[in-house]
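Everything on this sheet refers to the single structure shown next.
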Amino acid sequence: MSAVIIDNVPKKSAEEKIRLPGLSRAQIKQHLSDIGIEPKKLNMRTSQLFQWIYNFGVTDFEDMTNVAKPLRTILAEHFTLARPEIVEKQVSVDGTRKYLTRMAPGIEVESVFIPDVSRTGALCVSSQVGCTLTCKFCHTGTQKLVRNLTAQEIVLQIMMARDDLGEWPTTQENRKLSNIVFMGMGEPLYNTDNVAEAIDTMADDTGMAIGRRRVTVSTSGVVPEIVPLGSRTNAMLAISLHAANDELREKIMPINRKYPLSELMDACRNYPGLSNARRITFEYVMLKGVNDSPKHARELIKLLRGVPAKVNLIPFNPWPGSDYECSDWETIEHFGDMINKAGYAAPIRTPRGRDILAACGQLKSESEKMRASELRKMEKQRLAQE
0 MSAVIIDNVP KKSAEEKIRL PGLSRAQIKQ HLSDIGIEPK KLNMRTSQLF
50 QWIYNFGVTD FEDMTNVAKP LRTILAEHFT LARPEIVEKQ VSVDGTRKYL
100 TRMAPGIEVE SVFIPDVSRT GALCVSSQVG CTLTCKFCHT GTQKLVRNLT
150 AQEIVLQIMM ARDDLGEWPT TQENRKLSNI VFMGMGEPLY NTDNVAEAID
200 TMADDTGMAI GRRRVTVSTS GVVPEIVPLG SRTNAMLAIS LHAANDELRE
250 KIMPINRKYP LSELMDACRN YPGLSNARRI TFEYVMLKGV NDSPKHAREL
300 IKLLRGVPAK VNLIPFNPWP GSDYECSDWE TIEHFGDMIN KAGYAAPIRT
350 PRGRDILAAC GQLKSESEKM RASELRKMEK QRLAQE
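Note that the sequence shown covers residues 0 to 385 in numbering that gives the first Met the number 0.
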């Protein structure tokens, strides 16, 4: 360390300090270089900070006990370990947690922790604020796109959930948050670069150490980005499908006009690493009288032929102003039985967090959606009718 060089770097005000949590290893290294850390110690200092930030989740430089006190002081003068503001946290009756986070003025995003998924728990993260796709059954699609989230903002969603769950350090046993699913607000493959960079950061073994096979990226079908995503990230792939013929899919998912099913399925067949052990998940929301007949099930079976796949059947989750209803339970079960008999796993996803608008297809910035108390009333009325 060259104290003389560092001392010549002007101190930053609180507003000017650079937030380190969420940044990549390369970015942290560059910022350390910028304040004068000498080259021969740069890699060591970078590794120290990276481990303290992502393995231990520290929020105070004074907790970095293997960093000399003078350097801790200098780091605190230039950087911050602070998290963004959690505007609201809601906890569902089923244990689902939803976080509304203000990443910057006017930039609010939701993420959802779902317990008891894959034997532990999954965090559903967002990749955009709003969405451009306007899928007819999705609440998020009614909110115009504000902007892409940065890789840092994606990683911060995970860090803040770990803060809330008390799951630092990474090495502790029996962690609840073990899986990451890009199924929140936005289309991940319209933000591939930031999604890929975020996956690299969360997968680093010296930090959060979230295995790439525990990361699933869900896309509505941005065909040109599917194979590159697999090559860059080695993440698991999920396709937001919801219809198995072009005419119907175009009605409920306008993206199908640009990327029809034949092109989408070709991209799926070419997804790197695809095998029976690394199947593609096809998500299929059950819409009453729209896509839930035996005919639709047969179309789906035909479409999936030759692709290692599983199908997640998703009971439609209501949201204010929606034109759709959820298929009857018997209809969903019969649909699932047909898929199962054809040799594909077809679990029915149990709706989670409906009472706080945290279920699949319900996410939307708090400033633009119904208050949770109103939804609870709607959900109570629905349950009373069943």
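Virtual Cβ for every residue (Gly too), placed ideally from N, Cα, C.
key: Given serine 111 as reference, the closest of Tyr343, Met182, Pro317, Gly129 once Cα atoms are compared   = Note that residue 111 is valine in the sequence shown, not serine. When only C-alpha atoms are compared, the closest one is Met182.
inquiry  = Give me the residue from Ile300, Gly105, Ala234, Leu176 with the minimum Cα distance to leucine 148.
reply    = Gly105
inquiry  = In the DSSP output, which residue or residues are listed as bridge partners for glutamine 127?
reply    = Asn147
Burial state of glutamine 361, where buried means 16 or more other Cβ atoms lie within 10 Å = Caution applies to glutamine 361, whose pLDDT of 42 falls short of 50 and renders its modelled position unreliable; the value that the coordinates give is listed next. The residue in question, glutamine 361, is buried, as its Cβ has 16 or more Cβ neighbours within 10 Å.
message = Please list the terminal residues of the continuous alpha helix (DSSP H) segment that includes valine 221.
response = Valine 221 -> no alpha helix (DSSP H), and no H or E assigned at all.
inquiry  = What does the Cβ neighbour count give for aspartate 33, buried or exposed, with the cut at 16 atoms within 10 Å?
reply    = exposed
task = Quick one: using the 10 Å Cβ neighbour count with 16 as the cut-off for buried, is aspartate 336 buried or exposed?
result = exposed
request  = Determine the closest residue to serine 321 out of Glu109, Phe136, His77, with distance taken between C-alpha atoms.
outcome  = Minimum Cα-Cα distance from serine 321 among the listed residues Glu109, Phe136, His77 corresponds to Phe136.
Rounded separation between glutamine 89 and arginine 161 - CA only = 15 Å
Burial state of glycine 165 (16 or more Cβ within 10 Å) = exposed
ask   = Given serine 126, which residues of its chain have a CB within under 6 Å of its CB, disregarding the five upstream and five downstream residues?
value = Correct list, in chain order: Leu148, Phe181, Gly185, Pro187, Asn190, Val194.
ask   = Distance, Cα to Cα, glutamine 26 vs methionine 43?
value = Cα to Cα, glutamine 26 sits roughly 14 Å from methionine 43.
query = Hey, would you say leucine 312 sits closer than 8 Å to tyrosine 270, going by beta carbons?
reply = no
key: threonine 218 versus serine 239 - alpha carbon distance   = 6 Å
ask   = Would you say the segment 221-228 touches the segment 200-211, given that touching needs at least three Cβ pairs under 8 Å?
value = no
query = Are valine 306 and arginine 248 close, meaning C-beta to C-beta below 8 Å?
reply = no
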